[in-house]
Structures are given as structure tokens and as C-alpha cells.
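Written out below as C-alpha cells is the structure these notes cover.
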Amino acid sequence: MSSILNCTINSQERVILDINSFFIPIEPECSVELLICCHDKTTSSQINFVYYCSYFKPDWYLATQHVDNTLISTWFENQLVKKLSAMTLKTPNELAKPREYQVKRWEVLQQEDHWAYNILTTSYNQQLIHQLAQELLTKIETQPDLYDEEFAALFYSKILSRTEAYPTPSDFKNDTEISHREYLIYYLYTNIKSSDFDSHIKLMCLLWLLPSAMLNKQSIEQTQRLWDIYCTEVTPRREHHIGDFIETKSDRFGNTQIPVKSKLFRNVLPRCHTAVQYQHYSKPQNPYVCQLIEANLPYVSGVSGMANSFSGIFSLLNIDMKSALGMQIRVCSTAFIIGAAMHSKVEVEHSFALTEQFFANQ
1 MSSILNCTIN SQERVILDIN SFFIPIEPEC SVELLICCHD KTTSSQINFV
51 YYCSYFKPDW YLATQHVDNT LISTWFENQL VKKLSAMTLK TPNELAKPRE
101 YQVKRWEVLQ QEDHWAYNIL TTSYNQQLIH QLAQELLTKI ETQPDLYDEE
151 FAALFYSKIL SRTEAYPTPS DFKNDTEISH REYLIYYLYT NIKSSDFDSH
201 IKLMCLLWLL PSAMLNKQSI EQTQRLWDIY CTEVTPRREH HIGDFIETKS
251 DRFGNTQIPV KSKLFRNVLP RCHTAVQYQH YSKPQNPYVC QLIEANLPYV
301 SGVSGMANSF SGIFSLLNID MKSALGMQIR VCSTAFIIGA AMHSKVEVEH
351 SFALTEQFFA NQ
């Protein structure tokens, strides 16, 4: 059996080439007619399935009464799961686990914010972030010819040139007479040894970018591969416009800016709130965006470039991404990116999955 799908909206016909491209917000005055033309190649017979839905009756119902099998929401869902298994590089069995994302976008983001907050306030994870920072610091200190002043100055300028777009420590400022290399070592060392409850957050503000910068000095080939993944797999999966501007606040956390007493991001410069600032179009054309929306998975700003950059740490420190340690590092990074109001969970996990596939093929 082969199928051709056509959709009619207020007398305007639209061809549906892929089930994932079928996402149309229904306005109160609008009804949607879905025509499925099924052709049996063996008998050359044709059967038309006609279904309707509307603003007041959102579930699909069969209009062609003589057809026995009805089109229900699970039909779309099953088609989508087949696509998602390839998109997220997960098996259908993994996707069939308790579906915490099958709720409204904002509710999912709130769930993710609470999850991320719990991760970032766990002592073990805080110590793990300090440990990773220490290992990177040791490399910088013991290889001055590789990670020299030029490297440190470039990294310093990259961090400070993105303060409006990325989480940046408010006290990361070299206003002394020491070199940028000395300042980078000093800043990392000070926060690694610090007992402040948010020192790991300040470290992560640097650690999401530092691994890729260091990897570029150690292995240009691997750096180029991560950049290729970013260009071919990350940026094409974005489609949004700039909406209202809402600043992050020290007593707020994550994409939904839930109130937290501990003020984890109290020493991070205020930025525009990503989940509100970035909004997908009412009629998106990007298949990836449509996939997320149809699955009730929250689109924030597409596949995570921050996770792509941070992935360089696995090669630098020779850590298997799929090992218990590697998975916990990914969890910590995911929680930080969510807490910083940059991406949703699936967007970060997808980015890591792309990198994992790259390392597996090496």
C-alpha cells in the first residue's frame, strides 16, 4: 500500500509530503480536512479516507462512513515515533518509557527546571564539576607552550563578547596587571577551591566553552569534526523568531524562571530569557521543529550548540561518553544549560547523541 496525503484548510489544499510536516495550529474559525488516498498497487484499487478536526473538536473523526478503520491520534503518534527514533538516536523501547514530555510545553519546561535544580544542588554533582575543572586546569598549567597567552586571551575575549547571549560570571574580569593566562588559571583555581554554594555554576559558565577551545589546540581534526556536526546537524534544526525580552533574575531558575531561594545563578550576569525570547513560528516548516511540537516536546532554541562545544571534554580527558562517568557528566551539563534558560532537555540530549555517534564511528 502506498499513500498520498492531502490536507484542505478553508478550501485551500495542501500536499503533505511527510507526516512530520503536518503541524497546523487551528484557529477558532478554521476547520481542517485530511484526505488520505490509499492505492493498492496489486489490485490498483483506491480508497479515500476523509477525516476532519476543528478548533472545537480537535480529535480527528472519520467522515467517510463506509470505512471501518478509523484514524486516531495514535496513528500520527506511531508515525512520529519512527521518526523520533532516528532523530534522537534512541530505540523505540526507550521512547516507550514513561512519557514525561506528553504534556503542554510550559509544564514540561517546569518539570525540567525542577529536575535541573535538583541535579545542580546535589553535592556529588557539584564535586564532579569541580573535579572536571581541576583536570582541565592541570592541563593548562602543565602545557604552557600549548595553552599559552594567545590561547587564554582569545578564550577570555570569547567569554566576554557573549555576555548578552550566554551565562557569564559577573566577576570574570581581568582588571589586574597579570596576563590573561595567569588570570584564567587564577579564576579556575579560586573557584575550584571555593566552598561557595554557586562556585560550580561559575565554573560551568567557562567549562561549556573551554573544552572545545582546548581541543582546538590539541587536535584540529577532532575540533573540525565537532564544528562540522554543529554546521550540518545543529544549526539546520533551528527555526524561531525573537519574541518578548525577559531578563533572567538571580532568584529565578531555568526556562520557566521558577523561584529558588538558593539563587544558584546570583553571580551570573542577567540575560534575555531564552524560552520566551525564542519562539517557533505559528506554521513552522523545519521538520525537526515540527517533530518536537507534534510530540509535545518543548522547542526552545533548537539542538544545543553549547552541548556540542562542551563535548570536547570527553576527548580531552579520555572519558567514554557512554560510561557511567560520561553519562553523569552529560547530566550535569544538561542541567546547567537548562538552568541557564538556554535549551530544553531533548535539545541538549540530541546534541550529545550526535557527538556520541561521531566518537563511536572513529
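For the sequence shown, the residue numbers in full-length UniProt numbering are 1 to 362. From the three backbone atoms N, C-alpha and C, an ideal C-beta is built for every residue, glycine too.
By the Cβ-count criterion, residue 231 is exposed, with fewer than 16 other Cβ atoms from all chains shown falling within 10 Å of its own Cβ. By the neighbour-count criterion, in which 16 or more other beta carbons inside 10 Å mark a residue as buried, residue 323 falls on the exposed side. Here residue 211 is buried: its Cβ has 16 or more other Cβ atoms, across all protein chains shown, within 10 Å. In the structure shown, residue 258 falls within a strand segment according to DSSP collapsed to helix, strand and coil. Around the beta carbon of residue 109, a 10 Å sphere encloses 16 or more other beta carbons of the protein chains shown; the residue is thus reported as buried. Judged by DSSP in its simplified three-state form, residue 197 adopts coil rather than helix or strand. DSSP, reduced to helix, strand and coil, places residue 303 outside both helices and strands of the structure shown, so it counts as coil.
Here residue 350 is actually not in contact with residue 301; their C-beta atoms are around 12 angstroms apart, not less than 8 angstroms.
Taking a 10 Å sphere around the C-beta of residue 220, we find fewer than 16 other C-beta atoms and assign the residue as exposed.
Here residue 112 is near residue 345, since their CB atoms are less than 8 angstroms apart.
If you draw a straight line from the Cα of residue 290 to the Cα of residue 105, it is about 13 angstroms long.
If you draw a straight line from the Cα of residue 224 to the Cα of residue 358, it comes to about 12 angstroms. The beta carbons of residue 314 and residue 120 sit about 20 angstroms from each other, so the pair does not count as a contact at 8 angstroms. With a cutoff of 8 angstroms on beta-carbon distance, residue 128 and residue 328 are scored as near each other. DSSP, read as helix, strand or coil, puts residue 177 in coil. Take residue 326, set aside five residues on each side of it, and the residues of its chain with a beta-carbon closer than 7 angstroms to its own are 314, 319, 320, in chain order. Distance from residue 256 to residue 271 at the Cβ level is roughly 15 angstroms; contact not present, criterion being Cβ atoms closer than 8 angstroms.
The C-beta distance from residue 233 to residue 354 rounds to 5 angstroms, short enough to fall under 8 angstroms. Residue 303 and residue 153 have their C-alpha atoms spaced approximately 29 angstroms apart. In the displayed model, residue 211 falls within a helix according to three-state DSSP. Here the alpha carbon of residue 116 sits roughly 32 angstroms from the alpha carbon of residue 141.
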